[in-house]
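The first sequence begins at 4 in our numbering and counts up by one. Beta carbons are placed, not taken as given, at the ideal position from N, Cα and C, and that holds for glycine. Here's the structure, in structure tokens; my notes come after.
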Amino acid sequence: MSEIKVVRVHADVRQDQTVTTGTKAWELFAEDTDVIAARVGEGEGSSLKDLAYELADGDVVASVEIHSPDGHDILRHSTAHVMAQAVQDLFPDAKLGIGPPITDGFYYDFDVATPFVPEDLDKIETRMRKIIKEGQRFSRRVTTDADALSELADEPYKIELIGLKGGAGVEDAAEGASVEVGAGELTIYDNINRKGEAAWSDLCRGPHLPTTKRIPAFKLMRSAAAYWRGDEKNKQLQRIYGTAWETKEALEAHLHRLEEAEKRDHRKLGRDLDLFSFPDEIGSGLPVFHPKGGVIKREMEDYVRQRHIEEGFDYVGTPHISKEGTFHLSGHLPYYADGMFPPMEFEGANYYLKAMNCPMHNLIFRSRGRSYRELPLRLFEFGHVYRYEKSGVIHGLTRVRGFAQDDSHSYVTPEQAPGEIKHLLDFVLGLLRDFGLDDFYLELSTRDDSKPDKFVGSQEQWDNATDVLRTACEESGLELVPDPGGAAFYGPKVSVQAKDAIGRTWQMSTIQYDFNQPEGFDLQYQAADGSRQQPVMIHSAKFGSIERFLGVLVEHYAGAFPPWLAPVQVQAIPVADAFSDYLYDVARRMKLQGLRVEVDDSDDRMQKKIRNAQLQKVPFMMIAGADDVAAGAVSFRYRDGRQDNGVPIDEAIARVTAAVATREQV
RNA sequence: GCCGCCUUAGCUCAGUCGGUAGAGCGAGUCACUCGUAAUGACUAGGUCGUCAGUUCGAUUCUGACAGGCGGCUCCA
């Protein structure tokens with residue numbers, strides 16, 4: 004037995020060690036039970052290994068702790084295996100799809116004759132606990148394609164994955180498919196029970212926990228259908244989502260976070276705060292704004308209209324419907340017909356509800372001859388568009404069938420395009436800042452070169468436009484996520500992606516480069532040399548959709564809006580009836596300053612009025628009783644329970660006015 | 001659109017093993033006039049999502065449709 008040298012890295016401490024050949028990774032970290040795997044190598048070339056990995060001379064071996072990001076993935080992926088074993092124990096005919104770790108959890112897809120129901124999840128959980136208790140060992144076994152194909156003859160989906168292995172297809176095959184089959188050697192993990200037999204096996208790249216007993220806490224969350232390999236044309240498999248954590252406390256904390264997130268859901272707050280509703284009578288995905296929601300919507304509109312004017316845009320207006328020719332000119336009809344409501348036929352023409360505003364703006368541009376001196380020509384409006392969204396995708400205000408875009412189009416010379424893109428990006432980022440949004444990233448949507456029929460224009464045009472957008476984004480210093488294939492048919496797009504309370508990301512602001520519609524509409528301007536030139540058109544929407552932005556805003560603030568957006572800025576509460584008139588007088592003075600004030604002169608006791616104002620998340624509660632009247636003052640109470648008694652009336656008005664003007668949160 | 005689940009008063013939810021229903025909050029009325037998160041009493045609200053079918057009888061069972069929820073796919 005000879006000796007080898009390795010470097011042990013644990014808790015940020017590097018340490019050279021000499022061990023005998025045949026030493027396993029776990030022996031380096033045996034004293035720390037949080038260590039569940041090892042990372043061997045450093046930087047790009049490093050890879051995660053099971054603790055059963057046999058050390059090689061020169062290895063740099065870092066511990067992977069269960070609560071680290073890598074550790075979470077390994078824990079969750081291992082739990083997915085346990086779940087799959089439990090499912091196949093209980094439902095022997097279930098065929099395995101894929102089972103990767105995801106943010107906060109994992110899933111596994113199964114092909115079963117009957118979809119799972121909630122009671123099935125209970126049974127599966129019970130079975131999983133038994134497997135965990137048995138302490139089955141995850142054992143790695145290298146195999147060959149041929150052996151794996153025969154061993155997995157009953158698993159058609161795994162066989163399909165083996166067929167993709169090594170090819171370009173693996174990463175594209177399905178989200179998470181690469182955890183099943185890596186690009187390198189093919190491995191199978193056996194779950195070895197106490198008798199030393201393989202209780203269950205799965206094709207998997209690994210690594211895994213040493214044993215099932217190392218799963219401290221897990222819970223199955225829900226089941227749902229998912230298309231095999233993410234393709235609508237494929238069969239739907241039944242997916243079970245679960246979550247797993249390093250401790251029971253961490254699991255509880257996670258479940259608590261989910262509960263808290265539900266309380267921020269804009270659909271719930273929209274009802275509780277009387278902001279908006281979705282009457283069935285009108286139709287799915289068609290919201291109505293109540294007076295309080297209307298205030299927020301109007302503040303948003305006032306803000307963005309004013310800002311557009313400041314940024315050099317002209318405010319225009321266009322109709323909601325148009326004869327179909329407009330959308331043929333724009334190129335939308337062949338590409339986008341499925342996304343539009345069916346046409347209405349009358350007077351021998353087909354009229355469509357518009358799904359976008361650009362064609363209308365193009366017609367404004369084309370209404371007379373244009374000079375290069377007019378460029379950039381910037382048109383803006385609140386364009387109400389209607390899109391035929393599939394019934395299953397409608398979601399509160401964030402995915403609707405009728406919505407208003409704060410839509411603008413900048414017509415520029417090709418040379419002006421980069422500058423205009425930067426201008427628009429700065430505009431958008433400033434808007435997000437003013438609305439207090441900070442949890443977002445940029446996404447660059449480009450064309451899918453493998454589907455040229457879905458995109459108009461030459462490779463050169465696309466490359467050029469994409470470069471212009473990418474450069475502007477990179478200069479912003481923000482995180483930029485690529486979105487290949489996500490572009491509109493007419494050009495690449497930059498978008499702002501923001502998260503809602505339950506972690507779903509929504510596309511908000513967009514900036515799109517368009518070299519196609521100017522051609523379709525034969526848009527021209529006369530250049531300095533007298534020649535006719537084609538402008539570049541840049542679409543941008545700063546909120547994206549007023550509705551979606553408002554929905555995200557509700558969740559961002561959990562309904563506790565900063566004063567400038569709050570439907571009621573000041574709720575006046577008399578200590579007793581006798582002080583109502585005094586507060587009405589203060590309220591009248593505040594209203595003269597443009598503030599939104601309400602006096603609660605109901606029969607309720609003041610404690611109840613405070614509770615009501617608190618539940619309505621009003622930023623300023625303005626209370627007055629005998630003491631305040633005597634002092635010519637009012638008392639403030641804030642949403643966090645903070646109090647400020649005896650504030651002179653003039654100062655009180657100034658304080659609220661200042662909070663509104665500076666858009667600060669209180 | 002696809003898969004699963006759900007739909008009882010304005011909201012949150014009980015309930016009826018098939019014989020047309022109840023609570024809390026909210027709303028209205030009255031009394032109480034009160035200093036920082038729920039005063040009390042009383043009253044009014046529902047052809048149990050819609051339409052069919054089975055049945056002597058359907059809110060309950062079955063089906064279709066509509067709407068919602070969770071995913072998938074797709075998108076501002």
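Proximity below 8 Å, CB of residue i to CB of residue j
i: Tyr444; j: Val497; result: no
i: Phe623; j: Val659; result: yes
i: Val555; j: Asp503; result: yes
i: Ile595; j: Ala627; result: Rather than Ile, the amino acid found at residue 595 in this sequence is Leu. No, Cβ-Cβ distance for Leu595 and Ala627 is not below 8 Å.
i: Met593; j: Val600; result: yes
i: Glu446; j: Gln500; result: yes
i: Phe492; j: Val459; result: yes
i: Leu747; j: Gly562; result: Because the chain is modelled from 4 through 669, residue 747 falls outside the range shown and cannot be assessed.
i: Phe32; j: Ser81; result: no
i: Ala662; j: Pro570; result: no
i: Val90; j: Ile127; result: yes
i: Ile514; j: Ile541; result: yes
i: Ile191; j: Ala156; result: no
Exposure of residue i, with buried meaning 16 or more beta-carbon neighbours within 10 Å
i: Ser5; result: exposed
i: Pro72; result: exposed
i: Asn237; result: exposed
i: His559; result: buried
i: Asp466; result: exposed
i: Leu472; result: buried
i: Gln462; result: exposed
i: Leu93; result: exposed
i: Pro95; result: exposed
i: Phe119; result: buried
i: Ala171; result: Here the model assigns Ala171 a pLDDT of 43, short of 50, so the residue's position is not dependable, and the following value carries that caveat. When all chains shown are included, Ala171 counts as exposed.
i: Thr665; result: exposed
i: Ala176; result: With a pLDDT of 48 at Ala176, under the threshold of 50, the predicted position of this residue should be treated as unreliable, and no value is reported.
i: Ala352; result: exposed
i: Gln408; result: buried
i: Phe113; result: buried
i: Pro121; result: exposed
i: His211; result: buried
i: Pro290; result: buried
i: Val145; result: exposed
Inter-residue CB distance, residue i and residue j (contact presumed, cutoff 8 Å)
i: Leu124; j: Ser226; result: 6 Å
i: Phe564; j: Val632; result: That belief does not hold up - the Cβ atoms of Phe564 and Val632 are roughly 30 Å apart, past 8 Å.
i: Ala220; j: Gln241; result: No, Ala220 and Gln241 are not in contact; Cβ-Cβ is about 24 Å, not under 8 Å.
i: Asn360; j: Leu526; result: Not confirmed; about 15 Å, so no contact.
i: Pro421; j: Thr508; result: Not a contact, Cβ separation roughly 27 Å.
i: Asp367; j: Val319; result: Here residue 367 is Ile; the residue named in the question, Asp, does not match the sequence. Between Val319 and Ile367 the Cβ distance is about 6 Å, and since that is below 8 Å, they are a contact.
i: Leu434; j: Arg310; result: 7 Å
Which of helix, strand or coil DSSP assigns to residue i
i: Lys457; result: helix
i: Ala501; result: strand
i: Ala247; result: strand
i: Tyr56; result: coil
i: His542; result: strand
i: Arg390; result: coil
i: Gly108; result: strand
i: Met359; result: coil
i: Ser76; result: The sequence shown places Asp at residue 76, not Ser. It is helical.
i: Tyr160; result: helix
i: Leu400; result: coil
i: Thr36; result: coil
i: Tyr587; result: helix
i: Trp567; result: coil
i: Arg225; result: strand
i: Ile613; result: helix
i: Glu377; result: helix
i: Val291; result: strand
For residue i: DSSP bridge partner residues
i: Arg2; result: This structure leaves residue 2 out entirely; the chain is present only between 4 and 669.
i: Glu601; result: Gln574
i: Val9; result: Gln20
i: Gln408; result: Gly386 and Ser548
i: Arg144; result: Ile191
i: Gln646; result: Arg640
i: Asp205; result: Tyr192
i: Gln529; result: Ser374 and Arg535
Residue i: CB within 7 Å of a non-hydrogen atom of the ligand FAD
i: His259; result: In terms of ligand content, the structure shown is empty, and the ligand FAD therefore cannot be addressed.
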